[in-house]
Structure formats: structure tokens, C-alpha cells
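Numbering-wise, the sequence shown is residues -17 to 401 according to our numbering. No residue lacks a Cβ here, since even glycine has one placed at the ideal position from N, Cα and C. Bear in mind the structure is a predicted one, so any value in this text is a computation, not a measurement. These notes concern the structure reproduced below.
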Amino acid sequence: MRVLVVGSGGREHSLAWALARSSAVEAVVAAPGNVGIGDVAECIPIAEALGDVESFDLVIIGPEQPLVDGLADEIRARGVAVFGPSRAAAHLEGSKAWMKEIAAAAGVPTARFAAFTHTREADAFAFLETLPGLYVVKTDGLAAGKGVIVTESLVEARDAVRSYLSGDSFGAAGRTIVIEEGMRGPELSLLAICDGSLAAVPLPPAQDFKRIGDGDTGPNTGGMGAYSPVPVAGADMVELIMNKIVEPTLAALAQRGIEYRGILYAGLMLTTEGPKLIEYNIRFGDPECQVVLPRLASDLFTHCMEAATGMLSTPVRTIEDSCVGVVLATDGYPGSARTGDVIQGLDATIGRDGVTVFHAGTRREGDDLVTAGGRVLDVVATGSTIAVARARAYAAAACISWPGIQFRGDIAELAGIET
Ligand code: AMP
Ligand code: GLY
């Protein structure tokens, strides 16, 4: 089988890596891919891949933007199996306001909210006043995980409303906003494989670290690290989330004539009142994918092909080992990130027990590997416990350097102590 992976980040590197290990897969091609993906797959330009898309048996679309733009529909129309939702289903991530409408229709527990367009600043301010104290302001449209402000300060919340609605902060993506009541509790990412029917199969849960700084401080990022399994989310919790959140959502979509094929990623808060939905993403989480796939004992290709063709049947199996991933980012991330710094020490991570390094934002410059994005590398390690995996990941991360490198020191720290 020939598989095409669309995308160029750490998530796509881990997808290509897992697919390359499948006995059913003869060739993995990535478009456009990246330097690291080049070790496990052939990388070609996206236009070339799409021009010849009928030569693939399966296409897996990694990032949200092409899904929101309808790439899955285009490829499906050409008769090729696609793992990734249609444009209509991708609207779940493309518009947070619409996602909230679907959640309400499905009876899914989620934060109280209201949506406002740029002409309704005064109404937005008035709604903020009705919230009990933790304020959340989000862009309606896509903003690479950075368009969310969570604050206890009403002044800061009002400032965010003003700069989002004016278009100053996020352009068109912020000219409509969602304001929400803040929820408290540990977060959980549950990625479910969907095949267009109302049944879905969960992958092992993961926890992501969204803020840039240790102790969950500083601005939101695309994700600074992740681990799996999550001790606070056992099998009962996963079943509850599937029954109360994921399955009712698939049913609400189906009522609107929308079928869902691909990953439905529920971002959840485990509150004292039970799990509540924060948001849906319509693709594998990044960096969650990088810690979930190394734990998969069953075949990723088989799951994706079955889902793409509407015939999920093979059970998801996982290894007992835990997995921890630490994201190494450039100076300035998540603001304007400096790129072009030479990355040192990657060779010293090769051959370390359980360690894999996925490339997120790197490029070759002559003989050098240099930084080419905000998030540069994901250092991932498996181990018999979270603590062991964590120690391995940090020991490998310590080998790598470039000027201004930044990473969190507390990924999976608390979970590691608990296990
Ligand atoms: P989102 O892009 O909607 O996933 O939001 C990004 C991050 O902001 C989430 O992972 C949470 O850490 C935080 N967040 C979003 N909505 C809420 C909420 N209603 N209450 C508390 N934190 C939130
Ligand atoms: N890690 C968060 C995301 O993939 O959106």
C-alpha cells in the first residue's frame, strides 16, 4: 500500500514514522514533509503529490487548515480513501462558535459561552460582567492554538476583546470571538478514530501542556509537551467521555447530514462536576500524537484505512509503557520566533533507550541543521513508568542545543510522581 501524509510538522513526522513500521505499507510519501520525515518517507512538494493523488491507496491529512479548506472532499471526489474529515465536519474546529452550537444541540457538557462579531463590542463587555471570575476570550477562527486568553483580570479580558474584535491581534480570525466561563481542573486530550458511523474508537488519552512556562504560566502555545497514559483518566473516564461527549456529537453532526471520518480530538477539562468539553480539533493533536503513536501496539495504517473506508473493526491495542514528549522551541516562541540557528547535539540522542526525536521546524543549510519554526523538535521517550520515560526524554533533550533554546522543565512531572 502507498500512503500519503500531508503536512510538515512533528505530528506528521510521528505519523510517517508509525506508518513506515507497518507491514502493510510499501511506501510512505509526505508532502511537503520535513528534514526528519525524510529519514522515514519520501518527501515531495504538495502540488506534485496532489497531481498524482490517485497513485495512493490512502491519504492522511495532518493539519487543520487544509481540512477546513476542504482538501479531504477534493481527494475523496477523485476516488481515493482519505483519513480526515470533510470541510463541513472540519467546521467543528474552523469555527468555535459553531462547535459550541453543536455541543449545545448534543447536550455535551461545556463552559457557558456567547459569541460576538466585531460590531458588538459593548455586548461582549456586558457578557464578561456576567461571568463569575475566570474569563476566557477566544478567536472564532483558527489561530494555531494561540488565540485564547484565560485570565482572572476583567481589564485584561476587556483588552483582549478589543484587540481581537478590531482585527489587530489575529486579523479576520478574531473579528468574531467566543467568550466563555473559565473552567478549572486537569486537562485531557482524547483522540477518537471515527469511520463515518456513530461509533468511534478512542486512542489512549494524553495530556498536553499548553502554556509556554513552567507551572502553566505565560501565553498559550501550540503545545509544549505531552504524556500518555494519564493517571487521572482511566478506562471508566474514557468510557464516560465517549458516551457523554464524543458519541452525542457524532449523532448531532449526523442529524445535520454530516458524517465524520478521521480523528475527532476532544480537548477536555476534568472538573469537579465531571469531564467538560473545552474544544474540538479535527485532526491528531500536536504534540499529543507524538506520545500516543509510540504506545500503539496495533497497526496505525490498518486503523486509518478502516476508518477512511467506513469499516472500523480492528481493536486498538496499546503497550503498557508510558511515553513523554518535550517540545524544544526557539527564542521568542510563541511570539515572533527567531529562526536559522544551528542545532547541535542531535546525534547524541541516537541509540538512547526508548528515545525518538521528531522534527517539527527544522531545515538543512549546507551541512547544518537549523531552526525553522517556533516549535523545532519533539524529544519523545517511552519507559516502564511515566517517571522513567520522563527522565529519558529530559536526558536526551539536554544533549541538544542552539542559542535561545527554550523548553519546559515540568512536562509530566506531577504525573510522574503519582506513578
Ligand atoms: P482551545 O484553543 O479552545 O483549546 O484553548 C486553548 C487552551 O486554553 C485550552 O487548552 C485551555 O488550557 C484553555 N482554555 C480554553 N477554554 C477554557 C475554559 N473555558 N476554561 C479554562 N481554560 C480554557
Ligand atoms: N496540542 C494541541 C493541539 O494540537 O491543538
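Quiz item: By how many angstroms is the C-alpha of Thr101 removed from the C-alpha of Ser148?
Solution: Taking the first residue of the sequence shown as position 1, residue 148 is located at position 166. Taking the first residue of the sequence shown as position 1, residue 101 is located at position 119. Their Cα atoms are separated by approximately 9 Å.
Exercise. Check the C-beta distance from Gly19 over to His(-5) and give it rounded, since I have them as a contact under 8 Å.
Key: Residue 19 sits at position 37 when you count from the first residue of the sequence shown. Residue -5 sits at position 13 when you count from the first residue of the sequence shown. According to the sequence displayed, residue 19 carries Ile and not Gly. Yes, they are in contact, since the Cβ atoms of Ile19 and His(-5) sit about 5 Å apart, within 8 Å.
Quiz prompt | Lys403 beta carbon near the ligand AMP (any heavy atom closer than 8 Å) | solution = Any property of residue 403 remains undetermined from this structure, which presents the chain solely from -17 to 401.
Self-check item: Close-in-space but distant-in-sequence residues of the same chain around Glu36 (CB under 8 Å, 5 per side omitted)
Solution: As a first step, residue 36 is located in the sequence shown; it is residue number 54 there, counting from the start. Cβ neighbours of Glu36 beyond the five flanking positions: Arg60, Gly61, Val62.
Practice problem: Could you tell me the boundaries of the beta strand (DSSP E) in which Thr284 lies? | Solution: For the purposes of this step, residue 284 is taken as residue 302 along the sequence shown, with counting starting at 1. It is not in any beta strand (DSSP E) - Thr284 instead sits in the alpha helix (DSSP H) that spans 282 to 290.
Quiz item: Cβ atoms of Ala106 and Val143: under 9 Å apart, would you say?
Solution: Position 161 of the sequence shown, counted from the start, is the residue given in the question as residue 143. Position 124 of the sequence shown, counted from the start, is the residue given in the question as residue 106. Yes, Cβ-Cβ distance for Val143 and Ala106 is below 9 Å.
Exercise. Could you name the residues that DSSP lists as bridge partners for Cys176?
Key: On the sequence shown, residue 176 is found 194 positions in, with the first residue counted as 1. Paired residue(s): Ala182, Gly244.
Exercise. Taking Leu40 as part of the beta strand (DSSP E), name the residues at either end of that continuous run.
Key: Position 58 of the sequence shown holds residue 40. Residues 40 to 43.
Self-check item: Trp349 in three-state terms, based on DSSP
Solution: Locating residue 349 in the sequence shown gives position 367, where the first residue counts as 1. A quick correction: the sequence has Asp, not Trp, at residue 349. In this structure, Asp349 counts as coil in the three-state DSSP scheme.
Quiz item: CB of Asn16 to nearest heavy atom of the ligand GLY: below 8 Å?
Solution: Along the sequence shown, read from residue 1 onward, the residue named residue 16 stands at position 34. Not under cutoff, so the answer is no.
Self-check item: Nearest to Leu113 (by Cα), restricted to the options Ile159, Gly123, Glu163
Solution: One-based indexing of the sequence shown puts residue 113 at position 131. Selected option, being the one with the closest Cα: Glu163.
Quiz prompt | Proximity of Met219 and Leu170 at Cβ, strictly below 9 Å | solution = Sequence index remark: in the sequence shown, residue 219 carries index 237 (1-based). Sequence index remark: in the sequence shown, residue 170 carries index 188 (1-based). In this structure, Leu170 lies closer than 9 Å to Met219 by Cβ.
Quiz item: At a Cβ threshold of 9 Å, is Arg193 touching chain B?
Solution: Absent here is chain B; the protein component of the structure consists of one chain.
Exercise. Please classify Tyr262: does DSSP put it in a helix, a strand, or coil?
Key: Within the sequence shown, residue 262 is the residue found at index 280, counting from 1. In the structure shown, Tyr262 sits in a strand (DSSP, three-state: E or B).
Quiz item: Roughly how many angstroms separate the alpha carbons of Glu83 and Gly317, rounded to a whole number?
Solution: Position 101 of the sequence shown, counted from the first residue, corresponds to residue 83. Position 335 of the sequence shown, counted from the first residue, corresponds to residue 317. Cα to Cα, the separation comes out at about 31 Å.
Quiz item: So does Arg166 have its beta carbon nearer than 8 Å to some heavy atom of the ligand AMP?
Solution: Taking the sequence shown and counting its residues from 1, one reaches residue 166 at position 184. If you check the C-beta of Arg166 against the ligand AMP, you find a heavy atom less than 8 Å away.
Quiz item: Do you know offhand how far Arg140's Cα is from Ala104's?
Solution: For this step, residue 140 is matched to residue 158 along the sequence shown. For this step, residue 104 is matched to residue 122 along the sequence shown. Going from the Cα of Arg140 to the Cα of Ala104 covers about 10 Å.
Quiz item: Met251: beta carbon under 8 Å from a heavy atom of the ligand AMP?
Solution: Counted from its first residue, the sequence shown places residue 251 at position 269. Because some heavy atom of the ligand AMP lies under 8 Å away, the Cβ of Met251 counts as near it: yes.
Quiz item: If you drop the 5 nearest sequence neighbours on each side, which residues of the same chain put their C-beta closer than 6 Å to that of Trp(-1)?
Solution: Position 17 of the sequence shown, counted from the start, is the residue given in the question as residue -1. Contacts found: Val22.
Self-check item: Classification of Ile399 by the beta-carbon crowding that lies within 10 angstroms, buried from 16 upward
Solution: What you label residue 399 is simply residue 417 of the sequence shown in a count that begins at 1. Ile399 is exposed by the Cβ-count criterion.
Practice problem: Name the one or two DSSP bridge partners that Arg357 has. | Solution: For this step, residue 357 is matched to residue 375 along the sequence shown. BP columns for Arg357 point to Ala311.
Self-check item: Buried/exposed call for Gly440, threshold 16 Cβ in 10 Å
Solution: No answer is possible for residue 440: it lies beyond the span of the chain, which begins at -17 and ends at 401.
Quiz item: Can you tell me the Cα-Cα spacing of Ala363 and Ser(-10), whole angstroms?
Solution: As a first step, residue 363 is located in the sequence shown; it is residue number 381 there, counting from the start. As a first step, residue -10 is located in the sequence shown; it is residue number 8 there, counting from the start. C-alpha separation (whole angstroms): 21 Å.
Quiz item: What are the boundary residues of the alpha helix (DSSP H) that Phe109 is part of?
Solution: Stepping through the sequence shown from its first residue, residue 109 is reached at position 127. Run containing Phe109: 103 to 111, per the alpha helix (DSSP H) assignment.
Exercise. Measure the Cβ-Cβ separation of Asp323 and Val339 and say whether it is below 9 Å.
Key: Along the sequence shown, one-based indexing puts residue 323 at 341. Along the sequence shown, one-based indexing puts residue 339 at 357. No; because the gap between Cβ atoms is not below 9 Å, this pair is not in contact.
Practice problem: Look at the Cβ atom of Leu232, then the Cβ atom of Leu222, and state whether they are nearer than 9 Å. | Solution: On the sequence shown, residue 232 is found 250 positions in, with the first residue counted as 1. On the sequence shown, residue 222 is found 240 positions in, with the first residue counted as 1. No, the pair does not count as a contact, with Cβ atoms beyond the cut-off.
Quiz prompt | Length-filtered (4 minimum) alpha helix (DSSP H) runs lying within the region 64 to 99 | solution = 69 to 76, 78 to 88
Quiz item: Can you tell which of Asp177, Asp350, Gly205, Leu110 has its C-alpha closest to the C-alpha of Asp190?
Solution: As a first step, residue 190 must be located in the sequence shown, where it is residue number 208. Taking only the C-alpha atoms, the option nearest Asp190 is Gly205.
Exercise. Taking 8 Å as the threshold, find out whether the region 263 to 273 comes into contact with the region 174 to 183 through three or more Cβ pairs.
Key: no
Quiz item: Under the criterion of a Cβ to heavy atom distance below 8 Å, does Lys258 qualify as lining the ligand GLY?
Solution: Position 276 of the sequence shown, counting from 1, holds the residue named residue 258. For the ligand GLY, not one heavy atom lies less than 8 Å from the Cβ of Lys258.
Quiz item: When the distance is taken between beta carbons, is Val309 closer than 9 Å to Ala354?
Solution: For the purposes of this step, residue 354 is taken as the residue at position 372 of the sequence shown. For the purposes of this step, residue 309 is taken as the residue at position 327 of the sequence shown. Not a contact, by the Cβ cut-off of 9 Å.
Exercise. Using only the heavy atoms of the ligand AMP, determine whether one of them is closer than 8 Å to the beta carbon of Val309.
Key: Indexing the sequence shown from 1 puts residue 309 at position 327. For the ligand AMP, not one heavy atom lies less than 8 Å from the Cβ of Val309.
Quiz item: Considering Ile57, what are the terminal residues of the alpha helix (DSSP H) in which it resides?
Solution: Taking the sequence shown and counting its residues from 1, the one referred to as residue 57 is at position 75. Note, Ile57: alpha helix (DSSP H), 53 to 59.
Practice problem: Determine the extent of the beta strand (DSSP E) in which Thr331 is found, giving its start and end residues. | Solution: On the sequence shown, position 349 is the one that residue 331 refers to. Run containing Thr331: none; DSSP gives neither H nor E here.
Quiz item: Who are Met251's beta bridge partners in DSSP?
Solution: Numbered from its first residue, the sequence shown carries residue 251 at position 269. Per DSSP, Glu169, Lys258.
Self-check item: Residue(s) in a DSSP beta bridge with Cys25
Solution: For this step, residue 25 is matched to residue 43 along the sequence shown. BP columns for Cys25 point to Ala12.
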